[in-house]
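First up is the structure itself, then whatever we jot down about it.
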Ligand SMILES: *Cc1c(COP(=O)(O)O)cnc(C)c1O
């Protein structure tokens, strides 16, 4: 599946086999749990390779298979497995390769449920873990032991936008026989391809940019055929955390516009960052590659540009000021998640229990607000931020 194809070909044609589907321009939704065979021999043959045959939908389904092929091609890997959520994709990718006695290294501030998986679940099965500042390659190297089996990365992470040097860490890991897994949800394969930098497994929450319409929760793991097969035979078939054919079809529809959506989102985000940089009420901006980004050089080296997700510290006197800013946004909806058509704001203050800055136990600034830039008109978004910041 790792043929070289253009982005345009992948999004519009790859894997669709229209000839065998009566010319269907849009792939059919194979809403069926199982597949029948005319002979015992045919059934035996299909059952011997459930990953690549239509046999039972927990294993493979033709609509889902089209999505697998497109996602693998987007990341430049041989194959991919699609899951019912990004969290399931991450959990299955890790659990397929670690066993009792192994050690896992994870970046310090991963996505919340990746942290729970590594911090709380792995030790229950005798796997020891270390959380390390991923910005420091030497610290990652120092954390490796004889027992280290896997390094879990997220570059950039989705809240404070910290990067890891993927090529350097991949080189280090390969020399030690350690697997690398990178959550690439922030960048999408259009802005960063970890596999090309030597990372073994690339994971996404499809819920974010790849589907892009805030109407599906799904995830993917991309990698070499042998590793994908190992995940398939293990946690994929055992836990059954699959995507349904209908949701796979929705993600296929979302992918049609991936390149135009990302182009618009990235351009709007760049303009909004520029606006925020000169605004007196903004104390700090977190955005890969921006003038104030301490990892700017690394960002420019391994990513094409920043995507539509950024965080700001608002120069408010107290949490009330943050609430006035967020409550008065009219274009930005207030919600978790990101990467959809709609612009979003998520204030860290929403997780401070009594809403007092002094009670903040998150380790992150109380005045942090994450913005996800959507497909709306950039001027309207800037005007909205302008009026709401005046009230902060
Ligand atoms: C949302 C998210 C996930 C989890 O994906 P779900 O589809 O919500 O299960 C994992 N990693 C990152 C960076 C995310 O933003």
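In the working numbering, the protein residues as written are 1077 to 1468.
Yeah, the Cβ is synthetic: ideal placement off N, Cα and C, and Gly gets one too.
This structure is a prediction, so every number in the text was calculated from the model and none was measured.
Nearest residue (CA-CA) to residue 1115, options 1459, 1109 and 1123: 1123
Is any heavy atom of ligand 1 found at a distance shorter than 8 Å from the C-beta of residue 1468? no
Do the CB positions of residue 1225 and residue 1175 come within less than 9 Å of each other? yes
Looking only at its own chain, which residues have a Cβ that is under 6 Å from the Cβ of residue 1431, when we skip the five neighbours before and after it? 1395
Quick check on this structure: which residue in 1215, 1220 and 1211 has the alpha carbon closest to the alpha carbon of residue 1233? 1211
Are the beta-carbon atoms belonging to residue 1331 and residue 1291 less than 9 Å from one another? no
For the stretch 1350-1421, which segments carrying the beta strand (DSSP E) assignment without a break, of at least 3 residues, lie completely within its bounds, in sequence order? 1358-1362 and 1385-1390
Examine ligand 1 and report whether any of its heavy atoms sits within less than 8 Å of the Cβ of residue 1366. no
Report back the beta-carbon spacing between residue 1228 and residue 1180 to the nearest angstrom; my notes put them in contact at under 8 Å. 6 Å
So what's residue 1261 in DSSP terms, helix, strand or just coil? coil
Kindly indicate the opening and closing residues of the alpha helix (DSSP H) around residue 1303. 1301-1307
Please confirm whether any heavy atom of ligand 1 lies closer than 8 Å to the CB of residue 1155. no
Should the stretch 1310-1317 be regarded as contacting the stretch 1345-1356, the criterion being three or more beta carbon pairs within less than 8 Å? no
Go to residue 1428, then tell me how far its alpha helix (DSSP H) extends in each direction, as first and last residue. Note, residue 1428: premise wrong, no alpha helix (DSSP H); not H, not E.
Say the cut is 8 Å; is the CB of residue 1278 nearer than that to a heavy atom of ligand 2? Because ligand 2 does not appear in the structure shown, any question about it cannot be addressed here, the ligands present being ligand 1.
Given 8 Å as the limit, tell me if residue 1189 has its C-beta closer than that to any heavy atom belonging to ligand 1. yes
What are the boundary residues of the beta strand (DSSP E) that residue 1469 is part of? Because residue 1469 is not part of the residues shown, which for the chain are 1077 to 1468, the question remains open.
Near residue 1086, what residues of its chain come up, given a Cβ to Cβ distance below 8 Å and the 5 sequence neighbours on each side ignored? 1146, 1149 and 1150
Touch test, the stretch 1367-1376 against the stretch 1395-1413, Cβ-Cβ under 8 Å, three pairs minimum: no
Grab me the residues of residue 1303's own chain with a C-beta within less than 7 Å of its C-beta, minus the 5 sequence neighbours each way, in chain order. 1276 and 1277
Taking the beta strand (DSSP E) that residue 1224 belongs to, which residues open and close that run? 1224-1230
Please give me, in chain order, every unbroken run of the alpha helix (DSSP H) with length at least 4 that falls completely inside the stretch 1101-1139. 1116-1123
If we ignore side chains and look at the alpha-carbon of each, how far apart do residue 1347 and residue 1409 end up? 19 Å
Straight-line gap, residue 1425 to residue 1154 (C-alpha atoms, nearest Å): 42 Å
Among the candidates 1320, 1305, 1269 and 1307, whose CA atom is the shortest distance from the CA of residue 1294? 1320
Secondary structure, beta strand (DSSP E): runs of 3+ residues fully inside the stretch 1157-1212: 1179-1183 and 1204-1208
Terminal residues of the continuous beta strand (DSSP E) containing residue 1278? 1277-1281
Helix, strand or coil at residue 1310 [DSSP, three-state]: helix
Residues in its own chain within less than 8 Å of residue 1454 by CB, not counting five upstream and five downstream? 1343, 1344, 1347 and 1348
Quick one: is the Cβ of residue 1442 within less than 8 Å of any heavy atom of ligand 1? no
Take the Cβ of residue 1323 as the centre, count every other Cβ of all protein chains shown within 10 Å, and call the residue buried at 16 or more, exposed below. buried
Going by C-alpha to C-alpha distance, which of 1285, 1249, 1261 and 1141 sits closest to residue 1106? 1141
Taking only three categories from DSSP, how would you classify residue 1099? coil
Helix, strand or coil for residue 1077 per DSSP? A caution first: residue 1077 carries a pLDDT of 45, below 50, which makes its placement in the model unreliable, though a value can still be read off. Coil.
Taking DSSP's pairing of strands, which residues face residue 1444 in a bridge? 1389
Would you list the residues sitting across from residue 1256 in a DSSP beta bridge? 1227
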